[in-house]
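Going by this note's numbering, the sequence shown opens with residue 1, and the numbers climb by one from there. Cβ atoms here follow ideal geometry from the backbone N, Cα and C, with glycine treated the same way.
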Amino acid sequence: MERRAARLGVTLDQLREYDRKALRESDYPTADCLGEHEISDARLRKMILHVLECPMCAALLDVAEQDAKASKM
Numbered sequence: 001m002e003r004r005a006a007r008l009g010v011t012l013d014q015l016r017e018y019d020r021k022a023l024r025e026s027d028y029p030t031a032d033c034l035g036e037h038e039i040s041d042a043r044l045r046k047m048i049l050h051v052l053e054c055p056m057c058a059a060l061l062d063v064a065e066q067d068a069k070a071s072k073m
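Laid out in structure tokens, this is it:
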């Protein structure tokens with residue numbers, strides 16, 4: 001959490017408040033959210049952490065998502 005706060009240029013308290021507000025205002029969980037069994041899968045957890053740290057993989061996922069949305073139209 002400290003790395004995330006530093007990356008965003010906010011204090012830990014500000015980040016915690018932001019996260020609390022986001023949770024209060026969210027529709028979580030949706031059908032697309034990860035399930036408990038998926039979170040506990042070490043391989044999937046490692047991939048998620050990688051995507052959060054790797055701009056290229058995050059960009060590839062964004063492109064794939066946009067392609068999937070476009071093909072549904």
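Is Val10 a contact residue of the ligand MG, with contact defined as CB to any heavy atom under 8 Å? No copy of the ligand MG appears in this structure; indeed no ligand is present at all.
For Leu61, which residues of its own chain have a beta-carbon under 8 Å away from its beta-carbon, when the five flanking residues on both sides are left out? Val51
Between which residues of its own chain and Ala5 is the CB-CB distance below 6 Å, once the five residues before and five after are set aside? Leu12 and Leu15
Helix, strand or coil for Ser26, going by three-state DSSP, please let me know. coil
Could you check what DSSP says for Asp13 in three-state terms: helix, strand or coil? helix
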